[in-house]
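A short worksheet on the structure shown next.
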Amino acid sequence: MPVTITIRSVPDEVRDELAARASRGGQSLQEYLSGELEALAARPSALEALMRARMRARTYPPLDTAELLADLDADHR
């Protein structure tokens with residue numbers, strides 16, 4: 004069920020830019036901001052993305068630094 008969100012003290016220039024973006028897209032400011040909020044909620048936060056990357060990294064085999072550097076050196080020859 005949709006809810007109403009109020010954001011106070013938005014600077015005029017920010018409101019004007021957002022309204023212009025909405026207008027260029029043929030949307031009302033409310034439609035534009037609703038879509039932007041949905042897109043924002045669909046993306047993981049930086050912390051969530053980092054945590055996911057760390058969880059995936061646990062499944063990788065451990066790297067031997069000396070072996071990795073030797074492989075890189077061999078590639079450059």
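The sequence shown runs 4 to 80 under my numbering. Every residue, glycine too, gets a C-beta built ideally from N, C-alpha and C.
For R80 and V17, the rounded distance between their alpha carbons: 54 angstroms
Whole-angstrom distance between A44 and M58, CA atom to CA atom: 21 angstroms
Can you give the Cα-Cα distance for A42 and R24, rounded to whole angstroms? 15 angstroms
Local Cβ density within 10 Å of Y35, reported as buried at 16 or more and exposed below that: buried
Report yes if the CB atom of I8 is closer than 9 angstroms to the CB atom of L40, and no otherwise. yes
C-beta contact flag for R55 and P64 at 9 angstroms: no
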